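Top line first, the protein sequences correspond to chains R and V.
Heads up: the first sequence begins at 88 in this note's numbering, then just goes up one per residue.
Heads up: the second sequence begins at 218 in this note's numbering, then just goes up one per residue.
Glycine is no exception: its CB is placed at the ideal position from the N, C-alpha and C atoms.
Computed from a predicted structure; not experimentally measured.
Take a look at the structure below.
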Amino acid sequence: MIQRHPHDDLLLSYAAGSLDEGSSLIVATHLTFCAKCRMDVLVAETVGGALLDAIAPVEMGDAADVMDRLDEPAAVPSRATKETGFPRTLDPYLPDTTVAWRWFGPGLHYAELLKKGGTKVGLLRCAPGAEVPLHSHRGEELTLVLAGNYHDGESNFSYGDVQCADDTLQHRPVAHADIGCTVLIMNKGNLRPKSVVARLFVRILGM
Amino acid sequence: MNDVAAAAVPTPAQEMTTLLSGLGASRDRDDFGRLFAFYAPRVKAYLMRQGTEATVAEELAQEAMLMVWQKAALFDASKASASTWIFTIVRNLRIDALRRHRPAFDPTDPMFIPDAPPSPDYESEYAEMQDRIRAAMSELPGEQATVIRLAFFEDKPHSEIAAQLALPLGTVKSRLRLALRRMASVLEIAT
């Protein structure tokens with residue numbers, strides 16, 4: 088049972104269509120696992136539908152042009168799926184075969200999926216008991232657990248859970264001692280390392 | 218009356234949902250004409266309200282309506298009203314037109330975790346639920362209605378909405394959260 092969900096303002100912007108691609112990737116992947124949040128997104132989309140109903144209509148050409156095209160065959164989007172073992176939301180961002188993991192610290196491997204306008208999304212694989220050095224954030228950070236679980240000193244995060252962090256949070260996540268964890272992680276702006284070791288990590292990671 | 222409150226007033230939308238439900242099977246062009254007459258001018262207005270230039274908005278509205286015809290068989294009135302469904306089509310078309318990407322979950326993903334099975338009269342429950350959501354919209358405090366409107370119409374990150382309203386980012390986020398919680402909570406009472 089998923090305990091931790093993306094904040095409602097993210098679900099709302101995702102439904103409105105204004106959420107950035109990196110955050111949307113975390114939200115869409117969480118929605119793959121979470122019926123509760125799918126319902127919240129539907130509520131927000133219902134708001135969008137109601138706003139559409141209520142807007143004052145503007146002058147629009149008649150239906151003739153569209154009527155002429157009704158017999159056109161519909162474009163069928165190609166949907167080649169990959170066998171990566173990850174949720175399909177990640178398919179467009181993953182290589183065809185194996186994920187190119189980069190070592191960046193004891194027990195830690197990272198694979199970048201998306202880098203756009205200061206936002207980065209990647210997979211982080213943590214061996215059992217591996218620790219991400221203490222850091223805080225200059226911008227938002229969203230972490231979605233895809234396998235295993237981790238503890239950040241205050242709370243435990245397991246399969247499907249999302250942790251939303253901002254510049255007020257300082258944490259040192261530790262992967263589960265027996266099963267480790269794999270997370271999808273999005274961050275905006277650089278991490279703020281709190282130690283020499285952490286600074287080294289950030290430099291290697293290019294965050 | 219602000220437009221968030223106005224959106225809560227009942228419209229011919231229920232009738233449109235019935236028309237759209239039948240369209241996939243009937244392929245009735247007159248029914249499509251009626252859907253077009255109701256939605257196309259609203260879709261165009263909505264896109265223009267979001268800052269899309271009039272001629273582009275008109276083209277996108279036409280594309281959206283063509284897509285409504287092509288995808289009509291996929292419309293499921295137990296999951297959305299016509300307005301909600303068309304809203305999502307327009308949203309996605311606009312994002313494509315802007316060459317942006319919006320990842321979406323795939324219900325056929327082997328990792329997809331399905332909803333709990335719906336109750337037999339879920340369809341009528343959804344219609345009722347829509348009314349409740351609309352009622353909750355009309356009762357939102359003004360400050361929450363404002364951020365909701367901006368979130369849908371302005372297509373801006375929360376930080377820019379906050380700057381526009383001269384409010385701290387945290388305040389904008391918490392108003393959006395409160396608004397969605399309030400509207401979603403009417404469903405919890407229902408079940």
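Which first and last residues belong to the beta strand (DSSP E) in which F370 of chain V is found? For the purposes of this step, residue 370 of chain V is identified with residue 153 of the second sequence, where counting begins at 1. Where F370 of chain V is concerned, there is no enclosing beta strand (DSSP E), although the alpha helix (DSSP H) it sits in stretches over G359 to F370.
Three-state secondary structure assigned by DSSP to L384 of chain V: The count along the second sequence starts at 1 and reaches residue 384 of chain V at position 167. DSSP places L384 of chain V outside both helix and strand once states are collapsed to three, so it counts as coil.
If contact is defined by three or more beta carbon pairs under 8 Å, each pair taking one atom from either stretch, is the region 358-378 of chain V in contact with the region 387-406 of chain V? Output reads yes: the region 358-378 of chain V touches the region 387-406 of chain V.
For a cutoff of 8 Å on Cβ pairs, would you count G241 of chain V as touching chain R? Taking the second sequence and counting its residues from 1, the one referred to as residue 241 of chain V is at position 24. No, its Cβ sits nowhere closer than 8 Å to a Cβ of chain R.
Taking 8 Å as the threshold (beta carbon to beta carbon), is E228 of chain R in contact with chain V? Residue 228 of chain R sits at position 141 when you count from the first residue of the first sequence. It does not; no Cβ of chain V falls within 8 Å.
Based on the DSSP output, what are the partners of K275 of chain R in its beta bridges? Indexing the first sequence from 1 puts residue 275 of chain R at position 188. Per DSSP, R:T206.
Less than 8 Å between CB atoms is the rule here; does P358 of chain V satisfy it with respect to chain R? What you label residue 358 of chain V is simply residue 141 of the second sequence in a count that begins at 1. The beta carbon of P358 of chain V sits no closer than 8 Å to any beta carbon of chain R.
At 8 Å on the CB atoms, spell out the chain V contacts of P164 of chain R, in chain order. As a working note, residue 164 of chain R is residue 77 in the first sequence. Contact annotation for P164 of chain R against chain V: no contact, minimum CB-CB distance about 11 Å [criterion: below 8 Å].
Measuring only between beta-carbons, confirm whether S300 of chain V sits less than 8 Å from chain R. The residue given as residue 300 of chain V occupies position 83 in the second sequence. S300 of chain V counts as touching chain R.
Please report whether the beta-carbon of A321 of chain V lies at a distance below 8 Å from any beta-carbon of chain R. Along the second sequence, one-based indexing puts residue 321 of chain V at 104. It does; some Cβ of chain R falls within 8 Å.
Are the region 137-145 of chain R and the region 251-259 of chain V touching, with three or more C-beta to C-beta distances below 8 Å? With the cut-off at 8 Å, the region 137-145 of chain R and the region 251-259 of chain V touch.
Rounded to a whole number of angstroms, what is the C-alpha to C-alpha distance between I89 of chain R and F255 of chain V? Taking the first residue of the first sequence as 1, we reach residue 89 of chain R at position 2. Taking the first residue of the second sequence as 1, we reach residue 255 of chain V at position 38. Rounded to the nearest whole angstrom, the CA to CA distance from I89 of chain R to F255 of chain V is 41 Å.
In chain order, which continuous runs of the alpha helix (DSSP H) of length 4 or greater are located wholly inside the region 229-270 of chain V? Annotation note: the region 229-270 of chain V contains the following uninterrupted alpha helix (DSSP H) runs of length 4 or greater, listed N- to C-terminal: 230-243 and 246-266.
If G235 of chain R and A262 of chain R are in contact, beta carbons under 8 Å, what's the gap, nearest whole angstrom? In the first sequence, counting from the first residue as 1, residue 235 of chain R sits at position 148. In the first sequence, counting from the first residue as 1, residue 262 of chain R sits at position 175. Yes, they are in contact, since the Cβ atoms of G235 of chain R and A262 of chain R sit about 7 Å apart, within 8 Å.
Among the candidates R:G276, R:V270 and R:N274, whose CA atom is the shortest distance from the CA of P174 of chain R? Counted from its first residue, the first sequence places residue 174 of chain R at position 87. For P174 of chain R, the closest C-alpha among the options R:G276, R:V270 and R:N274 is that of R:V270.
Name the one or two DSSP bridge partners that Y197 of chain R has. Within the first sequence, residue 197 of chain R is the residue found at index 110, counting from 1. In DSSP, Y197 of chain R forms a bridge with R:R189 and R:L211.
With distances taken Cα to Cα, identify the nearest neighbour of R225 of chain R among R:G148, R:A150 and R:L256. By one-based count along the first sequence, residue 225 of chain R stands at place 138. Checking every option, the nearest Cα to that of R225 of chain R belongs to R:L256.
I'd like the span of the alpha helix (DSSP H) that includes A143 of chain R, first residue to last. On the first sequence, residue 143 of chain R is found 56 positions in, with the first residue counted as 1. Bounds of any alpha helix (DSSP H) do not take in A143 of chain R, whose DSSP letter is neither H nor E.
Which residues share a DSSP beta bridge with G235 of chain R? Within the first sequence, residue 235 of chain R is the residue found at index 148, counting from 1. Paired residue(s): R:C268.
In this structure, how does DSSP classify H263 of chain R when only helix, strand and coil are distinguished? As a first step, residue 263 of chain R is located in the first sequence; it is residue number 176 there, counting from the start. Coil at H263 of chain R, not helix or strand.
From the beta carbon of R316 of chain V, is the nearest beta carbon of chain R less than 8 Å away? Here residue 316 of chain V is taken as the residue at index 99 of the second sequence, counted from 1. Chain R, which has no Cβ nearer than 8 Å to the Cβ of R316 of chain V, makes this no.
Separation of I266 of chain R from C213 of chain R, as counted between CA atoms: If you number the first sequence from 1, residue 213 of chain R lands on position 126. If you number the first sequence from 1, residue 266 of chain R lands on position 179. The straight-line gap from Cα to Cα measures roughly 9 Å.
At a Cβ threshold of 8 Å, is I418 of chain V touching chain R? The requested residue 418 of chain V is not part of the displayed model; chain V covers only 218 to 408.
To which residues does DSSP link A252 of chain R through a beta bridge? Start at 1 with the first residue of the first sequence, and residue 252 of chain R comes out as number 165. As DSSP reads the structure, A252 of chain R sits in a beta bridge with R:E228.
Neighbour flag for L283 of chain V against chain R, beta carbons, 8 Å: Locating residue 283 of chain V in the second sequence gives position 66, counting from the first residue. Cβ-Cβ to chain R under 8 Å: yes for L283 of chain V.
Helix, strand or coil for F322 of chain V, going by three-state DSSP, please let me know. Within the second sequence, residue 322 of chain V is the residue found at index 105, counting from 1. Residue state, collapsed to three classes: coil.
Cβ distance (whole Å) where L277 of chain V is taken to contact L310 of chain V below 8 Å: The count along the second sequence starts at 1 and reaches residue 277 of chain V at position 60. The count along the second sequence starts at 1 and reaches residue 310 of chain V at position 93. With a Cβ gap of about 6 Å, L277 of chain V and L310 of chain V count as contacting.
For A230 of chain V, return the contacting residues in chain R, with the cut-off set at a CB-CB distance below 7 Å. The count along the second sequence starts at 1 and reaches residue 230 of chain V at position 13. Chain R residues near A230 of chain V: D140.
Can you look up F120 of chain R in the DSSP assignment and give me helix, strand or coil? The residue labelled residue 120 of chain R in the question sits at position 33 within the first sequence. Residue state for F120 of chain R is assigned as helix, using DSSP reduced to three classes.
Just to confirm my understanding: we take L107 of chain R, look at its own chain, exclude 5 residues before and 5 after, and list those with CB closer than 7 Å. What are they? As a first step, residue 107 of chain R is located in the first sequence; it is residue number 20 there, counting from the start. Here the sequence assigns Asp to residue 107 of chain R, which means Leu is not the residue at that position. If the five residues before and after D107 of chain R are omitted, its C-beta is found closer than 7 Å to the C-beta atoms of T206, all from its own chain and listed in chain order.
What residue does the alpha helix (DSSP H) around F304 of chain V start on, and which one ends it? Position 87 of the second sequence, counted from the start, is the residue given in the question as residue 304 of chain V. First-last of the alpha helix (DSSP H) with F304 of chain V: A299 to A314.
From R:L231, R:A264, R:Y246 and R:S245, residue whose alpha carbon lies closest to that of A252 of chain R: Locating residue 252 of chain R in the first sequence gives position 165, counting from the first residue. It is R:L231.
Confirm, please, whether the CB-CB distance from E218 of chain R to G209 of chain R is below 8 Å. In the first sequence, residue 209 of chain R corresponds to position 122, counting from 1. In the first sequence, residue 218 of chain R corresponds to position 131, counting from 1. Their beta carbons are not under 8 Å apart, which means G209 of chain R does not touch E218 of chain R by this criterion.
Taking 8 Å as the CB-CB cut-off, is D96 of chain R touching chain V? Here the question's residue 96 of chain R lines up with position 9 in the first sequence. Taking Cβ atoms only, chain V reaches closer than 8 Å to D96 of chain R, which makes this a yes.
Please list the partners that D107 of chain R has in chain V, where partner means a Cβ-to-Cβ separation under 8 Å. If you number the first sequence from 1, residue 107 of chain R lands on position 20. Residues of chain V whose Cβ lies closer than 8 Å to the Cβ of D107 of chain R are, in chain order, P374.
Can you find a CB in chain V that lies within less than 8 Å of the CB of P215 of chain R? Translated into the one-based positions of the first sequence, residue 215 of chain R becomes position 128. Closer than 8 Å: no.
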